[in-house]
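One line per chain: the protein sequences are A and B, in this order.
Start counting the first sequence at 1; every next residue gets the next number (my numbering).
Start counting the second sequence at 221; every next residue gets the next number (my numbering).
One structure is given below, encoded as structure tokens.
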Amino acid sequence: MEILEQIYCAMILGQVQTVMTLTERAIQEGISPKEILENALMRTALELGEKYSVREIPITKVLISSRAILACLHVLIPLFNEGGQPYKGRVVAGTVAGDVHDLGKTIVMATLRGTGFEVIDLGIDVPPEKFKVAVEEYKPDILALSCLLTTTLVSIRETIALLERTGLRRQVKVLIGGGPVTASFAQAVGADYYGSDAYSAVQQVLTELKQKDNEEMDTL
Amino acid sequence: MEAGMEIEEILDHSVMRHILDSLTKATGLRSVIVNTLGEELLEPLGVQEECTFCRTIKRTAGGYDKCRGSYMRAGREAAKFGEPYIFRCHAGLIAWAAPLVISGKYIGAIISGQVLMWEPEEFFWIEVSEMNQEVGEIETLVQKGKELQVISAEKVEATAYLLFMMANHLMKMGMVVLEQRREMAEQQARLGAEIFKRKMLEQTLKEVKKDAAPSKADLNIEKELLLRMKIGDRSGMLELLHKIVADMLDRYGSRLQMFRVKIWELLALLSRTAVEDEIEENKVLALNAKYMEEVSRSESLEDLCYWICQAAEEYSTKIYRKTRGKNTEIITEVLNYIWQNFQRPLSLEEIAAHVYLSPYHLSHIFKKEVGFTVMESVTKARMEEAKRLLRHSDDNVAKIAKNLGYNDPGHFSKVFKRSEGVMPKEFKRRLPPAGE
């Protein structure tokens, strides 16, 4: 759709006002938030991620464009709830130790919130100990671990290991995601869900819940 | 952290402040140096205040801590990837960090920025309030936010890159300083040991009167130093150098200027020896210039000692290089043996036996490594000694010849003439009047 293309272009250029205006217009034209999320927002995020990882674009561009993504999300989030989403559960999310990237996590959190989850954000550079304490305190249904650097994959492993050692592992479902996370890695560390990007991560969770609760996913 | 690896010890504070000041003035952006915990250590010299936005945040209890956290992580990331790290701080501003890494160890960072890369629009105020919920003072922040500088992404990248290159350069300079300091400390330790030995000696010889004027022994040691340098005995030469310098410290240590003069004298001697030994004159001149300057600039005894030892090492390395080879140990042993025994008749057979080689084999490798034959070497040593005796003793030619192991004074004179160009008598006659 043309307007989605326009939103995508504006996001790439970091034109925050334009993105917000176009997003609002798209909603008015009857395009679902889910469509905007998938076809404009995720498309931009993935492209940015890919291009930056090979240094085709400088980090400044990523920083500028990310704002536009967040602006779009800002418009979409309240609309997710409009369907009167039933409470789906509690999520504790964080970027693992040694990593300071949070754009993917932000998108996932926003989307999860939009579909009815309560999300507690632990922030960035979160050590395993802090995750463990949060699991004890908040007793979430899902623990979401995010990372963008291959060097910090080990922190995911350590966090899960700590949960196992302290007998907490069975109490949560662990969702991991981020650029360097692969299916085989997810299997190796024993994660319950895995997303190579934010959107597919959320899809996984919802699919499983749908299977569990027989709920309509398309209430998004 | 290792001693000597703190930023404060590597970088001169006033120099750093000046650099930060210039950076700030040139770019219009405030630059500071932080340690590994993100705490500000050094800021620009001039009255370059932080932007009001940041000041508002840092004034609050949680705000300063968050800033520190942002800087700490940014510095670490920059060091991790060895590149300038451009980031968005906890409050929403753009900043960048250049890592300070020395000997592979991360010791801090230069942080600059506190700007925006976009004109603040409505969404930015939403971001500000969301990102600063814990800090509070949103209304004030929005107000101060309007005063924030807006610069292009290209300018950010260029400034960050320059900052990074500068940080690298500073660390390289710092590396040199560190290494010099370490060498100086080692050298002082060696000299200290030498002086200690002498003090011990003095204690036991308390009743022996000390000759205040430079004695024959001192001149001997100087000659021996130069001879060792000439024949390529580098370690032996350095050993003697330490003795000489320790002695100079003893005599002139309390008068810096006098000490400096003695160092200059020594430097001149070393360089003349280097020239005599056919190191190209240009190279020697260059070395001289360098060391002369360092000696003039030195303001302390430690520095002067350091430089004369550096000079001796460098001059002798150039000579040493010529003589270095697989058989160096043997050669050195031969040379030592010659030096200890030249006063009596010496044969190639005897010398070869001393190093367990056949005379043929020894003469072969010796000539190959050193450039002249074993017996030529013996003659050289004798001629050096002959010259010294001619200079400093009243002995006649016949006596000197005998002392050197020549039974026939005529033969000695012939050898001398061949080596030095004049007859010994003539050499003595031509010497400058007493008092070198």
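By construction, the Cβ of each residue, glycine as well, lies at the ideal position given by its N, Cα and C atoms.
All figures in this text were calculated on a predicted structure; none of them were measured in a lab.
Check: Secondary structure of I64/A, DSSP reduced to three states; Outcome: helix
Check: Cut-off 8 Å between Cβ atoms - residues of its own chain near I120/A, not counting five sequence neighbours on either side; Outcome: R90, V91, V92, A93, A134, Y138, P140
Check: Distance CB(A110/A)-CB(L73/A) smaller than 7 Å; Outcome: yes
Check: Proximity below 7 Å, CB of R237/B to CB of L261/B; Outcome: no
Check: Interface flag, T60/A vs chain B, CB-CB below 7 Å; Outcome: yes
Check: I124/A - containing alpha helix (DSSP H), residue span; Outcome: Taken as a continuous stretch (DSSP letters only), I124/A belongs to no alpha helix (DSSP H), as it is neither H nor E.
Check: Three-way DSSP call (helix, strand, coil) for P319/B in this model; Outcome: strand
Check: Under 7 Å from the C-beta of E341/B: neighbouring residues of chain A; Outcome: V16, Q17
Check: S578/B in three-state terms, based on DSSP; Outcome: coil
Check: Near-chain B residues of the region 49-79 of chain A - C-beta to any C-beta below 8 Å; Outcome: P58, I59, T60, K61, L63, I64, R67, L70, A71, H74
Check: Start-to-end residues for the beta strand (DSSP E) that takes in Q184/A; Outcome: Here residue 184/A is Ser; the residue named in the question, Gln, does not match the sequence. Taken as a continuous stretch (DSSP letters only), S184/A belongs to no beta strand (DSSP E), being part of the alpha helix (DSSP H) at 183-189.
Check: Chain A contacts made by the region 373-400 of chain B, where a contact means CB separation under 7 Å; Outcome: A373, V376, E377
Check: Chain-ordered residues of the region 264-293 of chain B with a beta carbon less than 8 Å from chain A; Outcome: R293
Check: With 16 other Cβ atoms within 10 Å as the buried cut-off, status of V181/A; Outcome: buried
Check: CB contact check: M351/B to chain A, cutoff 7 Å; Outcome: no
Check: Segment limits, alpha helix (DSSP H) that includes Q222/A; Outcome: With chain A covering only 1 through 220, there is no way to say anything about residue 222/A.
Check: Contact residues within the region 308-338 of chain B, judged by C-beta distance below 8 Å to chain A; Outcome: R308, I314, M337, W338
Check: Helix, strand or coil at Y193/A according to DSSP, with G and I counted as helix; Outcome: strand
Check: Opening and closing residue of the alpha helix (DSSP H) in which L461/B lies; Outcome: 454-472
Check: Residues of its chain near Y305/B, where Cβ-Cβ distance is below 7 Å and the 5 sequence neighbours each way are ignored; Outcome: A294, E297, A298, W316, A317
Check: Run of the alpha helix (DSSP H) containing S155/A, from where it starts to where it stops; Outcome: 153-165
Check: Residue(s) in a DSSP beta bridge with I558/B; Outcome: Paired residue(s): none; I558/B is not in a bridge.
Check: Pair within 7 Å by beta-carbon distance, M20/A and V75/A; Outcome: yes
Check: Buried or exposed by the 16-neighbour rule on C-beta atoms within 10 Å, applied to M478/B; Outcome: exposed
Check: Assigned secondary structure, I176/A (DSSP; H/G/I helix, E/B strand, else coil); Outcome: strand
Check: Cutoff 7 Å: V100/A Cβ touching any chain B Cβ; Outcome: yes
Check: Residues near R611/B in its chain [Cβ-Cβ closer than 7 Å; skip 5 each side]; Outcome: L651
Check: Per-residue DSSP class, three states only, for L143/A; Outcome: strand
Check: Contact between the region 372-391 of chain B and the region 340-347 of chain B (3+ Cβ pairs under 8 Å); Outcome: no
Check: N-terminal and C-terminal residue of the beta strand (DSSP E) that G333/B is part of; Outcome: 325-335
Check: For I59/A, three-class secondary structure by DSSP; Outcome: helix
Check: Span separating the alpha-carbon of S567/B from that of K417/B; Outcome: 38 Å
Check: Partner residues on chain B for M20/A, Cβ-Cβ distance less than 7 Å; Outcome: F343
Check: One or two residues paired with Y305/B in a DSSP bridge; Outcome: A317/B
Check: Three or more C-beta pairs below 8 Å linking the region 52-69 of chain A and the region 357-366 of chain B; Outcome: no
Check: Distance between beta carbons of I528/B and L487/B, contact taken as under 8 Å; Outcome: 6 Å
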